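Each residue of the sequence shown is one higher than the last, beginning at 0 in numbering that gives the first Met the number 0. Note that beta-carbon positions come from the ideal geometry of N, C-alpha and C, so glycine has one too. All of these numbers come straight from a predicted model, not from anything done at the bench. Let me begin by presenting the structure, written as structure tokens, before commenting on it.
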Amino acid sequence: MKNGILVVTLMLLQIVAFAQKPHMEDDKIKQLRIAFISEDLELTPEEGQAFWPVFNAYEKQKHTHEGQLKEVRSEVKGKKVDPTAKQVEDSIHETAKIKVAMAQSEEQYMLDCLKILGPDKTMRLGRSERKFKKALLDKARDRRPDGPPSKQH
């Protein structure tokens, strides 16, 4: 397993090296995420085949909700005059509705993961995603000449 993580880490270095091409980078990052999480959770081919469509659908929903939140916030902040109390109240209600929808999406996603991956891998999923993001950020930070070096553990 450590060899697999080493391979994924080396692949992360390649992604950072080709950061000049954003659209290609997004696809490569998605591929690396799949490889990293699959390796870290030790997904079987059957689990991966069932899990990744659920993951992708959830990520799409999450992205949509985040866009809706950004839109609601910009409607109030983007006004040339101060928003009225009614506009602020409406914004608060709309934000709350979107956050409830986000929570419901996450709950359904986790329940779906539980059915596909079982309790142990479902519990480890969030940690695995955070590890991937941290590894990606650390590699990007290390590649920047003006950035601080990442902490070595």
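Supposed contact pair residue j and residue i - C-beta distance, whole angstroms, cut 8 Å
i	j	result
S104	Y57	6 Å
V71	V87	Actually they do not touch by this definition, with Cβ atoms about 11 Å apart.
Range of the contiguous alpha helix (DSSP H) that encloses residue i
i	result
D119	A84 to R142
L68	P44 to K76
With 16 other Cβ atoms within 10 Å as the buried cut-off, status of residue i
i	result
K29	exposed
L31	buried
L116	buried
T153	In the structure as shown, the chain begins at 0 and stops at 152. Residue 153 is therefore absent and cannot be evaluated.
K138	buried
A18	With a pLDDT of 48 at A18, under the threshold of 50, the predicted position of this residue should be treated as unreliable, though the coordinate-derived value follows. With fewer than 16 other Cβ atoms within 10 Å, it is exposed.
Does the contact criterion of 3 or more C-beta pairs under 8 Å hold for the region 95-102 versus the region 62-72?
With a cut-off of 8 Å on Cβ pairs, the region 95-102 is in contact with the region 62-72, counting three or more such pairs.
Examine the Cβ distances between the region 31-47 and the region 116-136 and report whether three or more of them are shorter than 8 Å.
Cβ pair count under 8 Å is three or more, so yes.
Count the C-beta pairs between the region 43-53 and the region 105-112 that are closer than 8 Å, then say yes if the count reaches three, no if not.
With a cut-off of 8 Å, the region 105-112 and the region 43-53 count as touching, because enough Cβ pairs lie within range.
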